[in-house]
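Undergrad:
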Amino acid sequence: MAHVDWDQQYELLTKSIALARELTSTLKASIVLHRDSSKPSRIRALEEQLRSKLQAVDEARNWTLSSISRLPDDLLRTIFLQAYDGSNKVKFPRMIGSICRRWREVALDTANLWRLLRFPTNLTLPSESAQPWHPWYNPTSNHENHLQPLFAANLQRARKALLDAELRLTVTSGSQQAVRTFLDVCGDRTADLFMTVSPSETTILQLIKCVWAVSNSLRRFSVYFLRTDTLETHRGVIDLLLRTPMPHLTDVTFHEFPIPIVQDPSYVLLSSCRSLNISLYQFTWVTMEHFQGLLESCPQLVKLILTVPMQARQDFSKRKEEIRLTMPHLREYTVKFSPYRAHANSAFAFSSITAPAIDILRIQIYGSIPTDEARTTICRTLEGFIHASSPIRLRILHLRQGAVQTATRVLPLLPSLTVLHLSFEARFVAISVEQHTLLRTVLARLGDGPEEMACPALEALFTGTWAFSSHLRLLQQVAQARKRRGQPLRRLVLADWPSQTVETVSDELPTSAGQAYDLETALAEEVGELTIGDWRFDGEGRTWEKSPRGRGTGGAVEDAEEIVPM
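The end of the sequence shown is residue 693 by the numbering used here, with every number in the run present.
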C-alpha cells in the first residue's frame, strides 16, 4: 500500500478551505458584459476553470470514499451485462453511463451493452430533394443507413459484438426499406431477433429472407404474428421457416403460430432449441398429433411454455388411443388455457407429453373453473400427466387462478414438492372452500383431515392472499401443525396487507398496530421466515424490515416475462 503523507494533505486541505472562503466572500454578480472589458472576461474564465477543478476534486473524493470504486473494470462490466438482460435495453446503458465518469468509460468500452437496434418501418425515405417533408414519414435525415440516431450510435459502439434486432414487418413501403437495412447491417451478426409480422405473402417472404440472413449466428428468435384469419393460406411459406437450419438457436418464441399438420424430418429449425414459448394459432384445427410432431423436432427441449387460446380449435375425433411423447430433458413446463371446453384444453395441455425429469410446473387456468364436471376433467388429465411422467423430483409448483381448484387432488401426488405458489384471490375477505380444504385438510391435517399431510418436503409456501386476520390465524394453525409433526415451513409469503381503499369487514382488520403485531408475531414464531409484500418480519426486534430480495420466489423461477409486440 502506497505511503500517505497525512501532514502534507492536512496542510493542502487547510489552504484550500481558506482560499474557498475568501473566494466566496469576493465573488459577485457583475452587470459588465464580457465584450465591454477584457478583465471581467478573464476573471470569469478563471472562475470557470476553478469551478471545474473543484468539481474534479469532488469527483476524486467521491471516488475515494465509494466502495464501488474498488471493483475492477472486468467485474463492473460483468455486473452491467447481468443487469442489462433484465432491464430496458434502450435506456439502461445510457443510465449507467450517467452515474460517473468511470462508469461511462467502462460502459462505452463494453460493446455488448450497445447491441440493440430497432429498424423503423414508418419511413418512405424519398430523396433529399423530395417534398414535402413529414415528421412521421421522414423522422430522420440519416439516409445512409436508415437508422435513427440513437441506434446508429449503438451500432458504432457495439463494434463487432453480436446484435439484438427488433423489426416490424407490415405492408407499407417502409417495411421493405427496413428489411434492406437489416440485411445490410445485421447479416450473420445477429444473436437475438424480435419480429412482429402482419401476415401477407410479402411480409412472410421478408420474414424468411431475414431469418436466412442470420441463420448462422442467431441464438434467440421471437416472432409475433398479428392476429388474422389469413395466416393459414401462407402455411407453405411458414414451412420454409421450419426448414431453415440454425445450429446455435436455443430460445424460440412463436405467437399465433400455425402448427404444421405433418411431421417432416426436414423441419430442423428447432433441432438445437432448449426453450420454446408457443401460443397456438386460433383459426385452424389443431390435433394432438400435430403438436407432438412439432415437439419431436426439438429433442433438446428443457423449457416449454404453452398457451392455448380460448378460441383455439382442437380436433380429437380421430384419436383412437392415448400416445404420449416422452420428453426426457424437459425440466420446466408452463401451460395456460381456458376452463371452457375443459376436455379439449386440458387434454391438449396434459395428455400430449410425459416429462420424467420435470422440476418446475406452472399451471394457469384463466378464471374459475365453471362446473364440477370441468373441474373433474381437468384434475383427471393433470393426474394422468403426473402418473405418466412419474417425475423423479418435481420441486416447484405454481397454481394460478382456476388452477388452485385442482390443488386438493394434485398435491398428495407430489411428495418431493419443496416450493408451492398459490394465487388465491387476494381481495376476498372470506376464506373460500378451496382455501379451507387445501390448507386445513391437505397441508396440515387439521380436524378430519387425512392421516398423512401432503407435501412432506414442503419448505416455502406463497399464498397470494392479503394479510386479513382470518388468513393469518388459519396460516398459523397450518404452520403450527406442520411444525409439530416435524415438517416445518421455512418460509411463508403473503401478497400484501389489505388495500386501504378496499371495503372490508371490520372484524377482518386489526384494531391497532399492536394487535396486528400480535397476530404477525404468533405466525412468525411457527415459520422460519415470514414475508408480507416487500417486508420481512424480524422476530427478535418485533419489527418489519424491507426485504433485500423484495418479492422473492423461494428459489423458484419467476413467471416468464410477457413480451408484447412492437
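Ideal Cβ positions, reconstructed from N, Cα and C, are used throughout, including at glycine. Just so you know, these numbers come straight off a predicted model, no measurement behind them.
(1) Determine the direct distance from the alpha carbon of Arg-231 to that of Ser-225, and round the result to whole angstroms.
(2) Are the segment 197 to 208 and the segment 167 to 181 touching, with three or more C-beta to C-beta distances below 8 Å?
(3) Assuming Ile-226 is part of the beta strand (DSSP E), what are its boundary residues?
(4) Can you look up Lys-287 in the DSSP assignment and give me helix, strand or coil?
(5) Return the first residue and the last residue of the beta strand (DSSP E) that Ala-318 is part of.
(6) Where do the ends of the alpha helix (DSSP H) carrying His-563 lie?
(7) Can you tell me whether Trp-133 is buried or exposed, with buried defined as 16 or more other CB within 10 angstroms of its CB?
(8) If I'm right that Leu-452 touches Ser-479 with Cβ under 8 Å, what's the distance once you round it to whole angstroms?
(9) Given this structure, state the Cα-to-Cα distance separating Leu-294 from Val-395, to the nearest angstrom.
(10) Express the C-alpha separation of Ile-405 and Asn-472 in angstroms, rounding to a whole number.
(11) Have a look at Trp-339 and Asp-311 and give me their C-alpha separation to the nearest angstrom.
(12) What residue from Asn-215, Ala-147, Ala-210 and Phe-309 has the CA that sits closest to Thr-248's CA?
(13) Would you kindly work out how many angstroms separate the C-alpha atoms of Ala-234 and Leu-208, rounded to a whole number?
(14) Starting from Trp-662, trace the beta strand (DSSP E) both ways and give me its first and last residue.
(15) How would you write the range of the alpha helix (DSSP H) that Phe-207 sits in, first residue to last?
(16) Taking the C-alpha atoms as reference points, what is the distance between Thr-151 and Ser-165?
(17) Per DSSP, what are the beta-bridge partners of Glu-586 in this structure?
(18) Pull up the distance between the alpha-carbon of Thr-414 and that of Thr-503, whole angstroms please.
(19) If you check the beta carbons only, do Trp-487 and Arg-527 fall under 8 Å apart?
(20) Alpha carbons only, please: which of Pro-483, Asp-665 and Phe-278 is nearest the one belonging to Ala-292?
(21) Relative to the C-alpha of Leu-433, which residue among Ser-424, Lys-287 and Leu-407 is closest?
(22) Tell me the rounded alpha-carbon separation between Tyr-351 and Trp-624.
(23) Kindly list the residues whose CB is nearer than 6 Å to the CB of Leu-588, restricted to its own chain and excluding five residues on each side of it in sequence; keep chain order.
(24) Taking a contact to mean a Cβ-Cβ separation below 8 Å, would you say Ser-302 touches Gln-333 in this structure?
(25) Alpha carbon to alpha carbon, how far is Glu-71 from Tyr-467?
(26) Note down, in chain order, each residue of its chain lying with its Cβ closer than 6 Å to the Cβ of Ile-106, except the 5 sequence neighbours on either side.
(27) Between which two residues does the beta strand (DSSP E) carrying His-514 extend?
(28) For Ser-444, I'd like the list of residues in its chain whose CB is within less than 6 Å of its CB, leaving aside the five on either flank, ordered along the chain.
(29) What does the alpha-carbon distance come out to for the pair Thr-237 and Ala-285?
(30) Could I get the ranges of all uninterrupted beta strand (DSSP E) runs contained in the segment 355 to 398, with 3 residues as the minimum, in chain order?
(31) Here's the rule I'm using: 16 or more other beta-carbon atoms within 10 Å means buried, otherwise exposed. How should Ala-594 be labelled?
(32) Report back the beta-carbon spacing between Pro-518 and Ile-485 to the nearest angstrom; my notes put them in contact at under 8 Å.
(33) Do Ala-482 and Ser-516 count as a contact pair if the criterion is CB distance below 8 Å?
(34) Which first and last residues belong to the beta strand (DSSP E) in which Lys-610 is found?
(35) Based on Cα-Cα distance, which residue from Thr-498, Arg-489, Gly-494 and Tyr-493 lies nearest to Val-537?
(36) If I measure Cβ to Cβ from Val-429 and keep anything under 8 Å in the same chain, skipping five residues before and after, which residues do I get?
TA: Here's the rundown:
(1) 6 Å
(2) no
(3) Segment: none, Ile-226 is in no beta strand (DSSP E) and carries neither H nor E.
(4) coil
(5) 317 to 324
(6) 560 to 563
(7) exposed
(8) 6 Å
(9) 23 Å
(10) 15 Å
(11) 13 Å
(12) Phe-309
(13) 10 Å
(14) 662 to 665
(15) 200 to 211
(16) 22 Å
(17) Note: Glu-586 sits in no beta bridge, so no partner.
(18) 22 Å
(19) The sequence given here has Ile at residue 487, not Trp. No, the pair does not count as a contact, with Cβ atoms beyond the cut-off.
(20) Phe-278
(21) Leu-407
(22) 38 Å
(23) Leu-547, Leu-616 and Leu-619
(24) yes
(25) Any answer about residue 71 is impossible in this case: the structure gives the chain only from 128 up to 693.
(26) The displayed coordinates of the chain run from 128 to 693. Any statement about residue 106 would go beyond what the structure contains.
(27) Segment 499 to 516 is the alpha helix (DSSP H) holding His-514; no beta strand (DSSP E) there.
(28) For Ser-444, the predicted structure reports a pLDDT of 47, less than 50, and the residue's modelled location is therefore unreliable. A value from the coordinates is still provided. Once the five neighbours on either side are set aside, Ser-444 has no close Cβ partner at all.
(29) 8 Å
(30) 378 to 384
(31) buried
(32) 5 Å
(33) yes
(34) Counting along the chain, Lys-610 falls outside any beta strand (DSSP E), though it belongs to the alpha helix (DSSP H) covering 596 to 611.
(35) Arg-489
(36) Arg-401, Ser-402, His-456, Leu-457, Arg-458 and Glu-459
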